[in-house]
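Student:
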């Protein structure tokens, strides 16, 4: 029994083969060549700077509140915005979604249940339950006719092709860090490998020079291996007709320290995360993390590092096939910025001085009731 049959029943019909002309992007296949060179999500997460950037973005988005609005009026969250997958939590679902958007530039939810309220646009009703599926398990099936109104005609998951209305597809703002950042990540991995080689060598680097009779290649290899074993086990090695010269090489002379610091800085820029937020080296022309610039770094991180993924999720969940027309889904970014009062105050003062918001909006942003009122009217922030 296929996954589609278990989820939707026997009435699931595959897309007609005559309409599907070729498989679209395969998120597993696109990175097959990268796996040959060792570049995958797991290897990239092995880079401390990349893992720090990913964790900052994912954890920030996961802790933001989310709600449905009609204008400035909150309409409540519902299951789709609190626990779309009954088998796990909202944090797990949204974290996996953001993770897929970061690395692969897309994410997908399979719709598990609908509210049953039929409309012309949604005969089966709007989704109330959904499950995030790793995007690496998905093939996008497309038509090659550019004049087709709907070019994406299905999603192939575990050998079963689902119609577009059976999934919620998040199309990110870019092709994903593994794609456009492949060169930067590969260089960082090479630097880490070089540093590991220095850390794992038990003997000082050196050269064995033959001062006796000439040795063949195999004999020379045996001499080198015997010398290494003797030094490793006894700390003393006996040399005959061979002279050992120590070569004083260290990571600093090979500029591994500076190169790794620069790589961390480049990775931070790759994720649009302020360099100081992951402790990258000032050699990458970054400023020190001071209390005076905490607000600037926080606002920059939210606006540049998190905003692309927040906007993608908001706009996707606000589409009429997910949310009733006239309503929208918004993350409460203001609550995150308000966790640092001085940062929030500086941010608001900058918006007021620029004429972007007025005093009433500024007070609302900071959680202060308007003049003459006691109740708050907090409109969700828009990045």
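In the numbering used here, the protein residues as written are 1 to 383.
Every residue gets a Cβ at the ideal spot worked out from N, C-alpha and C, and that includes glycine.
Check for me: the beta strand (DSSP E) holding residue 160 runs from which residue to which?
Tutor: Taking the chain shown and counting its residues from 1, the one referred to as residue 160 is at position 160. Start and end: 160 to 162.
Student: Taking just the CA atoms, how far does residue 217 sit from residue 62?
Tutor: For the purposes of this step, residue 62 is identified with residue 62 of the chain shown, where counting begins at 1. For the purposes of this step, residue 217 is identified with residue 217 of the chain shown, where counting begins at 1. Looking at the two C-alpha atoms, the distance is approximately 59 Å.
Student: On a Cα-Cα basis, can you pick out the residue from 138, 317 and 49 that is closest to residue 160?
Tutor: By 1-based counting over the chain shown, the position of residue 160 is 160. Ranking 138, 317 and 49 by Cα distance to residue 160 puts 138 first.
Student: Name the DSSP bridge partner or partners of residue 76?
Tutor: Locating residue 76 in the chain shown gives position 76, counting from the first residue. BP columns for residue 76 point to 68.
Student: Within 8 Å, do at least three Cβ pairs link the stretch 308 to 326 to the stretch 159 to 178?
Tutor: Yes, the stretch 159 to 178 is in contact with the stretch 308 to 326.
Student: Check this for me: beta carbons of residue 168 and residue 109, under 7 Å apart or not?
Tutor: Here residue 168 refers to the residue found at position 168 of the chain shown. Here residue 109 refers to the residue found at position 109 of the chain shown. Taking 7 Å as the Cβ cut-off, residue 168 and residue 109 qualify as a contacting pair.
Student: For a minimum of 4 consecutive residues, which ranges assigned as the alpha helix (DSSP H) are wholly contained in the stretch 148 to 182?
Tutor: Here the runs fully enclosed are 177 to 180.
Student: Would residue 60 be called buried (16 or more neighbouring beta carbons within 10 Å of its own) or exposed?
Tutor: To locate residue 60, count along the chain shown from 1; it is residue 60. Classification of residue 60: buried, given that the 10 Å Cβ count is 16 or more.
Student: Which value, in whole angstroms, describes the spacing of the CA atoms of residue 46 and residue 362?
Tutor: Within the chain shown, residue 46 is the residue found at index 46, counting from 1. Within the chain shown, residue 362 is the residue found at index 362, counting from 1. The alpha-carbon atoms of residue 46 and residue 362 are separated by roughly 42 Å.
Student: The alpha helix (DSSP H) spanning residue 133 covers which residue range?
Tutor: Position 133 of the chain shown, counted from the first residue, corresponds to residue 133. Segment 127 to 133 is the beta strand (DSSP E) holding residue 133; no alpha helix (DSSP H) there.
Student: Ignore the nearest five residues each way along the sequence and tell me which others in residue 113's own chain have a CB closer than 6 Å to its CB.
Tutor: As a first step, residue 113 is located in the chain shown; it is residue number 113 there, counting from the start. Closer than 6 Å at the Cβ level, and outside the excluded window around residue 113, lie 128 and 129.
Student: Among the residues of its own chain, which have a CB less than 6 Å from the CB of residue 107, if the five just before and after it don't count?
Tutor: The residue labelled residue 107 in the question sits at position 107 within the chain shown. Excluding sequence neighbours, residue 107 sits near 97, 100, 101, 135 and 170.
Student: If you draw a straight line from the C-alpha of residue 364 to the C-alpha of residue 65, how long is it?
Tutor: Mapped onto the chain shown, residue 364 falls at position 364. Mapped onto the chain shown, residue 65 falls at position 65. When rounded, the distance between both Cα atoms is 17 Å.
Student: With C-beta atoms as the reference, is residue 49 less than 7 Å away from residue 185?
Tutor: Residue 49 sits at position 49 when you count from the first residue of the chain shown. Residue 185 sits at position 185 when you count from the first residue of the chain shown. The answer is no: Cβ separation not under 7 Å.
Student: Could you check what DSSP says for residue 322 in three-state terms: helix, strand or coil?
Tutor: Looking up residue 322 in the chain shown gives position 322. It is coil, neither helix nor strand.
Student: Taking the alpha-carbon of residue 188 as reference, which of 356, 267 and 352 has the nearest alpha-carbon?
Tutor: For this step, residue 188 is matched to residue 188 along the chain shown. Nearest C-alpha to residue 188: 267.
Student: By the DSSP assignment, the beta strand (DSSP E) with residue 113 in it spans what residues?
Tutor: Along the chain shown, read from residue 1 onward, the residue named residue 113 stands at position 113. Start and end: 106 to 114.
Student: Whole angstroms is fine: what's the gap from residue 84's alpha carbon to residue 194's?
Tutor: Within the chain shown, numbered from 1, the residue matching residue 84 stands at position 84. Within the chain shown, numbered from 1, the residue matching residue 194 stands at position 194. Approximately 44 Å, taken between the alpha carbons.
Student: Determine which residues share a DSSP beta bridge with residue 301 and list them.
Tutor: Here residue 301 corresponds to residue number 301 of the chain shown, with the count starting at 1. The partner list for residue 301 (beta bridge, DSSP) is empty, contrary to what the question assumes.
Student: Who are residue 352's beta bridge partners in DSSP?
Tutor: To locate residue 352, count along the chain shown from 1; it is residue 352. Answer is none; residue 352 lacks a bridge partner.
Student: With a threshold of 7 Å on Cβ separation, who are the neighbours of residue 270 within its own chain once the five nearest residues in sequence on each side are excluded?
Tutor: As a working note, residue 270 is residue 270 in the chain shown. Cβ within range, chain order: 177, 181 and 184.
Student: Considering only the alpha carbon of each residue, which of 141, 155 and 192 lies closest to residue 258?
Tutor: Against the chain shown, residue 258 aligns to sequence position 258. Nearest option by C-alpha distance: 192.
Student: I need the boundaries of the beta strand (DSSP E) containing residue 328, first residue and last residue.
Tutor: Locating residue 328 in the chain shown gives position 328, where the first residue counts as 1. 328 to 331 is the span of the beta strand (DSSP E), which, as asked, contains residue 328.
Student: Restricting to Cα atoms, I'd like to know which of 166, 149 and 141 is closest to residue 126.
Tutor: Translated into positions along the chain shown, residue 126 becomes position 126. The shortest C-alpha separation from residue 126 is found at 166.
Student: Compare the Cα-Cα distances from residue 153 to each of 141, 146, 147 and 145 and report the closest residue.
Tutor: Position 153 of the chain shown, counted from the first residue, corresponds to residue 153. When only C-alpha atoms are compared, the closest one is 141.
Student: Please classify residue 323: is it buried, with 16 or more other beta-carbons within 10 angstroms of its beta-carbon, or exposed?
Tutor: Along the chain shown, one-based indexing puts residue 323 at 323. It counts as buried.
Student: Considering only the alpha carbon of each residue, which of 333, 76 and 105 lies closest to residue 301?
Tutor: In the chain shown, the residue the question calls residue 301 occupies position 301. Ranking 333, 76 and 105 by Cα distance to residue 301 puts 333 first.
Student: Quick one: is residue 299 buried, meaning 16 or more other Cβ sit within 10 Å of its Cβ, or exposed?
Tutor: Along the chain shown, one-based indexing puts residue 299 at 299. The residue is buried, with at least 16 neighbouring Cβ atoms inside 10 Å.
Student: Output the distance between the C-alpha atoms of residue 327 and residue 82, rounded to the nearest integer angstrom.
Tutor: Here the question's residue 327 lines up with position 327 in the chain shown. Here the question's residue 82 lines up with position 82 in the chain shown. For residue 327 and residue 82, the distance between alpha carbons rounds to 17 Å.
Student: Could you give the DSSP three-state label for residue 368: helix, strand or coil?
Tutor: Sequence index remark: in the chain shown, residue 368 carries index 368 (1-based). In the structure shown, residue 368 sits in coil (DSSP, three-state: anything other than H, G, I, E or B).
Student: Please list, in chain order, all residues of the same chain as residue 90 whose beta carbon is under 6 Å from its beta carbon, the five residues on each side excluded.
Tutor: Stepping through the chain shown from its first residue, residue 90 is reached at position 90. Around residue 90: 82 and 83.
Student: Tell me which residue opens and which closes the alpha helix (DSSP H) that residue 41 is part of.
Tutor: Start at 1 with the first residue of the chain shown, and residue 41 comes out as number 41. Taken as a continuous stretch (DSSP letters only), the alpha helix (DSSP H) holding residue 41 covers 41 to 45.
Student: For residue 58, collect the residues of the same chain with a Cβ closer than 8 Å to its Cβ; drop the 5 residues on either side in sequence, then sort them by chain order.
Tutor: The residue labelled residue 58 in the question sits at position 58 within the chain shown. Here the set comprises 95, 98, 99 and 102.
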